[in-house]
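Numbering (this note's numbering), first residue to last: 10 to 263.
Some notes on the structure that comes next.
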Ligand code: NAI
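Now the structure itself:
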């Protein structure tokens with residue numbers, strides 16, 4: 010068996026689809042893959058940002074609302090690497106949670122990944138190679154109050170990822186989750202604002218007294234630190250890594 014331990018091993022010339030790739034973690038993943046010679050497609054409902062990101066990376070834009078899951082049922086996706094990353098957050102107590110907001114989160118963050126994996130698998134099986142990377146969260150493995158939709162969708166994504174790993178095993182297809190703690194993105198900035206409102210405290214205190222109490226390393230994670238792992242998981246060097254979940258949380262879960 011040939012074995013190479015390079016982050017970029019076997020990536021040159023491959024194709025990737027990155028959902029929510031127009032900003033934050035998704036953009037960092039798309040950028041890192043593009044630098045490794047991968048042709049990236051940015052799937053995002055922010056048309057303009059998707060096009061700008063695609064132009065910057067020499068890739069393609071796919072303007073799509075991934076919460077419109079019915080439309081995805083007919084999709085066929087020709088790609089070697091699929092990064093399920095698009096996500097949103099809503100914070101409310103269960104007894105006050107808007108049911109439509111709850112369903113939206115589940116469509117975008119659990120049903121859409123299922124439909125995209127479903128659409129990408131036939132091509133991956135045919136070529137005998139596939140890398141599916143699901144951007145889960147620390148909240149895919151443990152809970153926080155007021156995040157019932159997000160926590161349950163991410164826990165579901167963990168299960169979907171493991172089943173995909175089992176079904177892909179005979180076809181050179183791996184499936185893994187990445188579980189970040191708080192990453193410096195627009196989503197987290199929104200969360201800081203929401204939590205400040207919910208607990209009626211200043212935003213600076215949310216970061217210090219809520220987000221960074223448990224992680225051993227007292228800073229937010231950079232999107233590039235998640236992208237680095239996603240790139241390695243996409244490489245041929247990571248061929249035996251499947252059905253796994255990797256925390257990048259500065260020691261939060263230690
Ligand atoms: P972000 O808000 O910076 O980027 C999310 C992207 O998804 C945006 O470009 C947005 O346009 C796109 N998007 C949202 N709804 C969409 C829809 N219906 N259809 C198509 N695209 C849509 O967020 P961030 O922080 O980069 O999050 C990316 C993923 O990482 C999410 O799944 C999130 O749950 C996960 N994550 C984020 C953490 C953080 O601290 N930022 C921590 C752990 C996980």
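Yeah, the Cβ is synthetic: ideal placement off N, Cα and C, and Gly gets one too.
Keep in mind it's a predicted model, so treat the numbers as computed, not measured.
What do you reckon, are the CB atoms on residue i and residue j nearer than 7 Å?
i           : j           : result
residue 70  : residue 60  : yes
residue 93  : residue 122 : yes
residue 196 : residue 98  : yes
residue 178 : residue 38  : no
residue 251 : residue 174 : yes
residue 144 : residue 242 : no
residue 185 : residue 253 : yes
residue 230 : residue 260 : no
residue 91  : residue 26  : yes
residue 232 : residue 258 : no
Considering just the uninterrupted stretch of the beta strand (DSSP E) at residue i, what are its terminal residues?
i           : result
residue 215 : Taken as a continuous stretch (DSSP letters only), residue 215 belongs to no beta strand (DSSP E), being part of the alpha helix (DSSP H) at 212 to 215.
residue 140 : 139 to 144
residue 69  : 69 to 72
residue 112 : Note, residue 112: premise wrong, no beta strand (DSSP E); alpha helix (DSSP H) at 108 to 115.
residue 51  : 48 to 53
Using the C-alpha atoms, what's the distance from residue j back to residue i?
i           : j           : result
residue 46  : residue 193 : 26 Å
residue 314 : residue 19  : No information on residue 314 is available, as it lies outside the stretch 10 to 263 that the chain covers here.
residue 134 : residue 109 : 36 Å
residue 190 : residue 116 : 22 Å
residue 214 : residue 205 : 8 Å
residue 155 : residue 102 : 5 Å
residue 157 : residue 218 : 21 Å
residue 2   : residue 50  : In this structure the chain extends from 10 to 263, so residue 2 is not present and cannot be described.
residue 33  : residue 182 : 26 Å
residue 132 : residue 84  : 12 Å
residue 137 : residue 150 : 30 Å
residue 65  : residue 236 : 17 Å
residue 165 : residue 67  : 33 Å
residue 244 : residue 104 : 44 Å
residue 54  : residue 30  : 10 Å
residue 28  : residue 74  : 10 Å
So what does residue i bridge to, in DSSP terms?
i           : result
residue 189 : 257
residue 25  : 49, 90
residue 230 : 192
Go through its chain and collect everything with a Cβ distance to residue i's Cβ below 6 Å, but skip five positions before and after it.
i           : result
residue 24  : 48, 88, 89
residue 118 : 96, 162
residue 113 : 76
Who are the near neighbours of residue i in its chain, counting only those whose CB is closer than 7 Å to its CB and skipping five residues on each side?
i           : result
residue 160 : 148, 152, 153
residue 256 : 147, 188, 262
residue 56  : 72
State the start and end residues of the unbroken alpha helix (DSSP H) segment that holds residue i.
i           : result
residue 134 : 121 to 136
residue 91  : Here residue 91 belongs to no alpha helix (DSSP H); instead the beta strand (DSSP E) covers 90 to 93.
residue 263 : That residue, residue 263, is in no alpha helix (DSSP H); it is neither H nor E in DSSP.
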